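Numbering (this note's numbering), first residue to last: 13 to 104. Ideal Cβ positions, reconstructed from N, Cα and C, are used throughout, including at glycine. These figures come from a predicted structure and were not determined experimentally.
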Amino acid sequence: MINQKQKDNHLKFRVSDELKSTVEKNAKELNMNTSEYIRYCISLDYPSMVKRIPDSIATSNLLNRIYHCLEGQIDPKLLTDIKGFINDYYDR
Numbered sequence: 013m014i015n016q017k018q019k020d021n022h023l024k025f026r027v028s029d030e031l032k033s034t035v036e037k038n039a040k041e042l043n044m045n046t047s048e049y050i051r052y053c054i055s056l057d058y059p060s061m062v063k064r065i066p067d068s069i070a071t072s073n074l075l076n077r078i079y080h081c082l083e084g085q086i087d088p089k090l091l092t093d094i095k096g097f098i099n100d101y102y103d104r
C-alpha cells in the first residue's frame with residue numbers, strides 16, 4: 013500500500029454520479045474509504061499490468077489447446093471437471 017506519510021494536500025475534482033457510486037462501491041468491497049481507494053488506484057502499476065496481457069492471452073490459449081486435445085479422448089466427467097476448473101479460474 014502507499015506510504016502513509018502526513019497527508020496535508022488536497023485534490024478536488026468533479027465526477028458523474030455513476031463514477032462516484034462506482035468508486036464508493038469498489039472502496040467498500042475492499043474495506044477502504046474513498047480516499048484510500050483512490051490512492052490505491054493511483055499506486056497501481058498499469059504499464060506493468062498492460063505488459064502482462066500477452067502472457068495472460070498465451071496462458072488462455074494454451075489451456076484452450078490442452079482442453080481441445082483432451083476432448084473426446086478421455087472420460088467425459090474428467091473433461092467436464094477440467095472445463096469447470098478453467099471457468100472457475102477465469103470467473104474469480
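- Approximately 15 angstroms separates the beta-carbon atoms of residue 39 and residue 30; this is outside 8 angstroms, ruling out the contact.
- Residue 17 and residue 52 have their C-alpha atoms roughly 14 angstroms apart.
- In the three-state reduction of the DSSP assignment, residue 86 falls in the coil class, being assigned neither a helical nor a strand state.
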